[in-house]
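To start, the structure under review is shown below, and the notes come after it.
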Amino acid sequence: MDCFYLLYLQTPGFGGGVCQISSTLYNTALLANLEIMERHNHQLTVPYIVPGRDATLAFPSKDLKFHNNRDHYILITAFIEHDDLTFRLFGAPIEERVEIKTVEIAAYTPPIKHEFVPELAPGEEEVIEGHPGYVVQVWKTVYREDKIESEEIISVDSYLPSPKIIRRGVSRNN
């Protein structure tokens, strides 16, 4: 079972699976130092990957596209084992190593939203925890023979906070 967002609430259920796949493939392409041509982060953080390393899809406006900037063909394979998805890229040997680092630039406290609902008994309270928002900077460092060949910011991503919701029961007669 995955998590998806329903009105800013992280909800367990079936959904979000395609973005887990695109996020895994995005990270595989990053670590292979392939050219990322299009990638979009989610509006809110997702539980399966750190902020800045996700890749959302939304047909037809948001896609993940990368380019094989190598001199040789690459082969991409994928498999699932014990609920873990793994992508592998095969190609000619390369003499470089890539590290991806995420730096938190800002964090935003979840706002508090009060709801008065007749579904709960008068005076009863239910709290749905929110999630903080973030601005993160993602750095890519390429090493060749253990020396830094290049270092660059590849994205600055913003994630909205989702509100903490405090639901209080009210009389149905009001």
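Residue 9 is where the sequence shown starts when you use my numbering, and the numbers rise one by one after that. A virtual CB, placed ideally from N, CA and C, is assigned to each residue, including glycine.
Note that the segment 140-150 touches the segment 162-176; at least 3 beta-carbon pairs, one per stretch, sit closer than 8 Å. Inclusion of His122 and Ile174 in the CB contact set at 8 Å is warranted, their separation being smaller than that value. For Ala40 against Leu97, the beta-carbon gap comes to about 5 Å, under 8 Å, which counts as contact. The alpha-carbon of His75 is positioned some 48 Å away from that of Glu134.
Annotation: the continuous alpha helix (DSSP H) that includes Gly25 extends over 25-39. DSSP places Thr85 in the strand class (E or B) of the three-state scheme.
Rounded to the nearest angstrom, the gap between the Cα atoms of Leu52 and Val125 is 26 Å. Take Ser31, set aside five residues on each side of it, and the residues of its chain with a beta-carbon closer than 6 Å to its own are Ile57, Asp62, Ala63, in chain order. Taken atom to atom, the span from the alpha-carbon of Pro171 to that of Thr110 is near 24 Å.
Within the same chain, and ignoring the five residues on either side of Gln28 in sequence, the residues whose Cβ sits closer than 6 Å to its Cβ are Tyr56. Between Val26 and Leu93, the alpha-carbon positions lie close to 12 Å from each other.
In the DSSP assignment, Val111 is bridged to Gln145.
Note that the C-beta distance between Val150 and Val178 is not below 8 Å.
In the three-state reduction of the DSSP assignment, Gly99 falls in the coil class. Burial is judged here by how many other beta carbons sit within 10 angstroms of a residue's own beta carbon; Arg47 has at least 16 and is buried. Each of Ile82, Glu104, Leu33, Phe95 was checked against the Cα of Leu65, and the nearest Cα belongs to Leu33. According to the DSSP assignment, Arg175 belongs to the beta strand (DSSP E) that extends over 172-177.
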